[in-house]
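Asker:
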Amino acid sequence: MRRRRETTEMLKESMGDALLDLMREKPLEKISIEEMTARADVGRVTYFRYFKSKDEVLSWKFRKLWERYTEKNGQVDLRARDYAAGKYFSFCLEVRDTIDLVYMRGRQEAFLNAFLEVIRSYDLPEASDDENSRENALDASKNCESGKDQHKAEYIRNYYAYGLFGLFNSWVKHGYRETPEEMAAIFMSIA
2 MRRRRETTEM
12 LKESMGDALL
22 DLMREKPLEK
32 ISIEEMTARA
42 DVGRVTYFRY
52 FKSKDEVLSW
62 KFRKLWERYT
72 EKNGQVDLRA
82 RDYAAGKYFS
92 FCLEVRDTID
102 LVYMRGRQEA
112 FLNAFLEVIR
122 SYDLPEASDD
132 ENSRENALDA
142 SKNCESGKDQ
152 HKAEYIRNYY
162 AYGLFGLFNS
172 WVKHGYRETP
182 EEMAAIFMSI
192 A
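Note that my numbering gives residue 95 to position 94 of the sequence shown, counting from 1, and the numbers run on in steps of one.
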């Protein structure tokens, strides 16, 4: 079973790399599935087995890059929001070339979709009026998950995800002028 999963990951990785290579040459809309799978040295059937769209391939690639980043730099504990935000912006800076390519081709939604999927796997802090309780809000978010307030937990996740992405989006458009730590401080001052 492990071997099969590794093979699947390798095939997906090949398609992700091939798509990024082709995006350096032309817009995503002009890249055919045949071109991508030929560059990846996989069959078209393999593409359709794992993906529904080229944007999905990009999102998968970003999730894989995040997974590698956390393996190398340690898992991100969202209870320490300033630390987690700093790690997020550090990751973005580390994969800047890929992000810039995706932005150049107007496909930043693929990065947002990947980020939303990643953040859904974490327990997130709950918004609060009380400044002191914001730091301990993770437990409240977990309670939302287990009880009647599942929608509230989703709202909380989306609040943080879209807030971070909005800051990230501005950061990219302004040329990454601030450090990841400065971006985390900006996030903490408004979150």
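The C-beta atom is built at its ideal place from N, Cα and C for all residues, glycine as well. Since this is a predicted model, take the numbers as computed values, not measurements.
Is the CB-CB distance between Met24 and Arg106 below 7 Å?
Answerer: As a working note, residue 24 is residue 23 in the sequence shown. As a working note, residue 106 is residue 105 in the sequence shown. Closer than 7 Å, so yes.
Asker: Please classify Gly87: is it buried, with 16 or more other beta-carbons within 10 angstroms of its beta-carbon, or exposed?
Answerer: The residue you call residue 87 lines up with position 86 of the sequence shown. Under this definition Gly87 is a buried residue.
Asker: Within its chain, find whatever has a CB closer than 6 Å to the CB of Glu132; leave out the 5 residues flanking it on each side and keep chain order.
Answerer: For this step, residue 132 is matched to residue 131 along the sequence shown. Low local confidence applies: a pLDDT of 47 at Glu132 is under 50, so the model's placement there is unreliable, and no value is given.
Asker: Rounded to a whole number of angstroms, what is the C-alpha to C-alpha distance between Arg64 and Lys153?
Answerer: The residue you call residue 64 lines up with position 63 of the sequence shown. The residue you call residue 153 lines up with position 152 of the sequence shown. The straight-line gap from Cα to Cα measures roughly 25 Å.
Asker: Only counting runs of 4 or more residues, tell me where the alpha helix (DSSP H) segments fall wholly within the segment 34 to 89, in order along the chain.
Answerer: DSSP runs (the alpha helix (DSSP H)) wholly in the segment 34 to 89: 34 to 41, 45 to 51, 55 to 74.
Asker: How do the segment 184 to 191 and the segment 158 to 172 stand: do at least 3 beta-carbon pairs fall below 8 Å, yes or no?
Answerer: At 8 Å Cβ cutoff, the stretches touch.
Asker: Evaluate the contact criterion for the segment 28 to 42 versus the segment 65 to 75: three or more CB pairs, one atom per stretch, below 8 Å.
Answerer: Not touching, per the Cβ criterion.
Asker: Could you pull out every residue in the same chain whose Cβ sits closer than 7 Å to the Cβ of Leu59, ignoring the five residues on either side in sequence?
Answerer: Translated into the one-based positions of the sequence shown, residue 59 becomes position 58. Here the set comprises Leu20, Val103, Arg108, Ala111.
Asker: Have a look at Phe90 and Ser122 and give me their C-alpha separation to the nearest angstrom.
Answerer: Locating residue 90 in the sequence shown gives position 89, where the first residue counts as 1. Locating residue 122 in the sequence shown gives position 121, where the first residue counts as 1. Going from the Cα of Phe90 to the Cα of Ser122 covers about 18 Å.
Asker: Taking the C-alpha atoms as reference points, what is the distance between Glu136 and Tyr156?
Answerer: Locating residue 136 in the sequence shown gives position 135, counting from the first residue. Locating residue 156 in the sequence shown gives position 155, counting from the first residue. Reliability fails at Glu136, whose pLDDT of 46 lies under 50, so the model's placement of it is uncertain and the value that follows must be treated cautiously. One C-alpha to the other measures close to 18 Å.
Asker: What is the DSSP secondary structure of Ile100, reduced to helix, strand or coil?
Answerer: Counting from one through the sequence shown, the residue named residue 100 turns up at place 99. Looking at Ile100 - three-state DSSP - the assignment turns out to be helix.
Asker: Count Cβ pairs between the segment 68 to 78 and the segment 4 to 22 that sit closer than 8 Å; are there 3 or more?
Answerer: Counting Cβ pairs under 8 Å, fewer than three are found: no touch.
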